[in-house]
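Working notes, beginning with the structure itself.
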Amino acid sequence: VSGIIHSSLLYFSGMYIFLVTGGESFSRFLQDHCPVVTETYYPTVWCWESRGQTLLRPFITAKPLVQYRNELIKTADGGQISLDWSDNNNSSSYEDASTRPTILLLPGLTGTSKESYILHMIRLSEELGYRCVVFNNRGVAGENLLTPRTYCCANTEDLETVIQHVHSLYPLAPFLAAGVSMGGMLLLNYLGKIGSKTPLMAAATFSVGWNTFACSESLEKPLNWLLFNYYLTTCLQSSVKKHQHMFVKQIDMDQVMKAKSIREFDKRFTSVMFGYRTIDDYYMDASPNRRLKSVGIPVLCLNAVDDVFSPSHAIPIETAKQNPNVALVLTSYGGHIGFLEGIWPRQCTYMDRVFKQFVQAMVEHGHELSDM
């Protein structure tokens with residue numbers, strides 16, 4: 001009985017949502033048009049612990065059926081990028097395709113357009129009448145690598161290519177982006193580099209790793225390594241193994257395949273591929289907390305304080321307070337891309353609800369921010 005009482009106290013204590021903004025205007029805008037960020041988030045009562053949320057979400061949430069139209073676009077170095085479009089041509093809210101709001105979605109590490117969290121974002125966007133396009137990083141979605149190059153969250157060249165391409169197709173359409181985990185890191189690094197000189201009107205990120213050193217240290221703790229790190233390392237190895245003939249001249253692939261952690265993989269593969277002198281140089285460049293102060297468009301960032309992939313002490317709260325374009329939404333629970341709620345969380349998560357309300361708020365009321 002005492003164990004049950006203790007668990008109940010843990011569950012009900014501190015279930016806050018902490019909203020941090022760099023100015024009163026953005027805070028007031030979110031309270032008016034995205035009220036979900038001011039709610040109390042109640043995680044699924046039988047699965048509230050961080051690791052449980054993280055592990056179960058991919059298996060327990062439904063996978064909405066989405067029919068994609070694939071497009072391969074060329075890059076400046078001769079490579080190709082796979083984009084998966086959900087055009088939503090049956091939209092009754094935005095029948096004119098030229099002005100239909102467009103949401104660019106960036107999946108996490110080794111993720112593709114098939115991830116359940118991406119499918120849910122597309123379904124919710126379709127309900128609003130929007131069009132979505134998923135940016136699959138090089139070599140992960142089944143397409144051939146044409147050059148010996150994959151991806152990393154510090155190099156934003158491919159993302160810049162995709163954003164310019166999508167904008168050129170629909171220059172009159174409201175254009176937003178949402179990135180999850182590593183996709184969010186890439187998106188924030190892009191926004192921090194480019195400032196306000198982007199076709200995007202707003203962006204959202206979910207479960208971003210703010211400081212790559214802190215993320216790596218947390219994931220190398222024994223239990224986290226066993227549950228997450230080793231598995232993700234094998235996923236990374238699998239994603240490059242099918243293309244290993246492209247890398248043999250510049251990378252020792254035998255050593256890459258012996259890596260036992262993400263850090264070892266990054267040291268032997270990613271940092272070498274992108275020309276970093278050391279793994280520390282790469283991790284410094286990959287950390288989006290360094291560039292948050294330079295973000296020049298409205299960005300909402302959702303993180304759970306208990307996320308073992310992104311330790312709470314590394315969340316750049318003070319930096320966010322100094323940028324009027326940034327809003328951090330911090331929940332006490334939720335894990336990494338978890339945010340399960342309800343007794344049987346098959347459908348929408350709290351993350352999904354934040355995504356839907358925020359993109360709708362920006363499309364329909366974004367002009368109010370410039371007037372505030």
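In the UniProt record's numbering, the protein residues as written are 1 to 372.
We put the beta carbon where it would ideally sit given N, CA and C, even for glycine.
Looking at the backbone, the Cα of Thr234 and that of Glu157 are separated by about 26 Å. Taking C-beta atoms as the reference points, Leu176 and Ala202 count as a pair closer than 8 Å.
By DSSP's assignment, Phe175 forms a beta bridge with Thr102. When secondary structure is reduced to three states using DSSP, Ser207 falls in the coil class, being assigned neither helix nor strand. Residue environment for Gln53: buried (at least 16 other C-beta atoms within 10 angstroms of its C-beta). Scanning the region 311-372 for uninterrupted beta strand (DSSP E) segments of 3 residues or longer gives 326-331, listed from N- to C-terminal end. By the Cβ-count criterion, Ile297 is buried, with 16 or more other Cβ atoms from all chains shown falling within 10 Å of its own Cβ. In this structure, Val326 keeps its C-beta atom at 8 Å or more from the C-beta atom of Val305. Annotation: the continuous alpha helix (DSSP H) that includes Cys235 extends over 230-241. Among the bridge pairs identified by DSSP, Trp85 is matched with Arg69, Val133. In terms of Cα proximity to Asp96, the closest of Arg353, Leu226, Tyr170, Lys242 is Tyr170. Contact between the region 76-87 and the region 27-44 is absent, with fewer than three C-beta pairs closer than 8 Å. Rounded to the nearest angstrom, the gap between the Cα atoms of Thr75 and Thr112 is 19 Å.
Taken through DSSP and simplified to helix, strand or coil, Cys34 comes out as coil. Within its own chain, the residues whose Cβ lies closer than 8 Å to the Cβ of Lys197, once the five positions on either side in sequence are excluded, are Gly296, listed in chain order. Counting along the chain, the unbroken beta strand (DSSP E) around Asn303 starts and ends at 299-304.
Beta-bridge partners assigned by DSSP to Pro107: none are found. DSSP places Thr21 in the strand class (E or B) of the three-state scheme.
For Ala154, the secondary structure class from DSSP, reduced to helix, strand or coil, is coil.
Cβ contact annotation for Glu160 (same chain, cutoff 8 Å, sequence separation greater than five): Tyr190, Ile194, in chain order.
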